[in-house]
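Protein chains in written order, with this note's numbering: chain A, 289 to 399; chain B, 8 to 120.
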């Protein structure tokens, strides 16, 4: 199965700043999703972008998708301490209900 | 959306024993999944729990080690058998919603001594 792969950097930012993280994948996808995980707990779905979409917004989240480069980015604007978490991208192939998760990005927002 | 209740939330087990993790969904779902997340790592899919048939296991995971039950459309269990310290991980269940979106339980943090 394909793998989403984030840049493995850990981000440490001040509250109010923007946080950007990236994800790359290897094969064709139906959609790409971003999930958040707080302190080793369950994952929470944040946003889904379809392969025919280039950009999507949800509240303070902005996701871009470049299928020619097989990459995506997640931007969190005006970060808050509560945004401290690990963020994972996950890809879904056509006709496949399974998700392939990337390595994850640890984001720490300092109050 | 779906609400997933997973238990136990954590356990400490002795080597050689088995632990069964339960996952309850508040609505009927066609597909449920079990993942393992080793410390500091991403999620690895163990298997897809199919209602009324045997689970579909991913490469590297076998039924003897990780037997799965799916007796109905709202419930599934994963057993971690004959545990060793290498099985210490977070185990997560999820339920498939629309457009491949999955809703996750809170996870079971397992430590094997």
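Glycine included, each C-beta is placed from N, C-alpha and C at the ideal position. Remember, it's a predicted structure, so these values are computed and weren't measured experimentally.
Query, Result
"From B:20, B:114, B:51, B:82, pick the residue whose C-alpha is nearest to that of residue 67 of chain B; which is it?", "B:51"
"Report all residues from its chain with a CB closer than 7 Å to the CB of residue 304 of chain A; omit the five preceding and five following residues, and keep chain order.", "366, 367"
"In chain B, what lies closer than 7 Å to residue 392 of chain A by C-beta?", "49"
"Can you pull the chain A residues whose beta carbon is under 7 Å from the beta carbon of residue 38 of chain B, in chain order?", "385"
"Check for me: the beta strand (DSSP E) holding residue 300 of chain A runs from which residue to which?", "299-302"
"Return no unless some Cβ of chain B is closer than 8 Å to the Cβ of residue 302 of chain A.", "no"
"Nearest-angstrom Cα distance between residue 324 of chain A and residue 318 of chain A?", "20 Å"
"Can you tell me the Cα-Cα spacing of residue 358 of chain A and residue 399 of chain A, whole angstroms?", "34 Å"
"Could you tell me whether any Cβ in chain B is nearer than 8 Å to the Cβ of residue 310 of chain A?", "no"
"Excluding the 5 residues flanking residue 95 of chain B on each side, which residues of the same chain have their C-beta closer than 7 Å to its C-beta?", "117, 118, 119"
"Beta-carbon separation of residue 110 of chain B and residue 28 of chain B under 8 Å?", "no"
"If contact is defined by three or more beta carbon pairs under 8 Å, each pair taking one atom from either stretch, is the segment 34-54 of chain B in contact with the segment 85-104 of chain B?", "yes"
"Keeping to the same chain, check which residues put their C-beta closer than 8 Å to that of residue 289 of chain A; ignore five residues upstream and five downstream.", "With a pLDDT of 32 at residue 289 of chain A, under the threshold of 50, the modelled position of this residue cannot be trusted, and the question is left open."
"Can you tell me which residues form a DSSP beta bridge with residue 18 of chain B?", "B:117"
"Starting from residue 87 of chain B, follow the beta strand (DSSP E) in both directions and report where the run begins and ends.", "82-87"
"Between the alpha carbons of residue 93 of chain B and residue 45 of chain B, how many angstroms are there, rounded?", "9 Å"
"So, helix, strand or coil for residue 368 of chain A, using DSSP?", "coil"
"If you measure beta-carbon to beta-carbon, which residues of the segment 56-74 of chain B are closer than 7 Å to chain A?", "none"
"Strictly below 9 Å CB to CB, what residues from chain B border residue 324 of chain A?", "Within chain B, no residue comes near residue 324 of chain A; the closest Cβ sits about 11 Å away, beyond 9 Å."
"Can you list, in chain order, the residues of the segment 313-338 of chain A whose Cβ is nearer than 9 Å to any Cβ on chain B?", "318, 319, 321, 323, 325, 328, 329, 330, 331, 332, 333, 336, 338"
"Counting only Cβ pairs nearer than 9 Å, list the residues of chain A close to residue 111 of chain B.", "323, 325, 329, 330, 331, 332, 333"
"Hey, is the segment 97-115 of chain B in contact with the segment 15-35 of chain B, meaning 3+ C-beta pairs nearer than 8 Å?", "yes"
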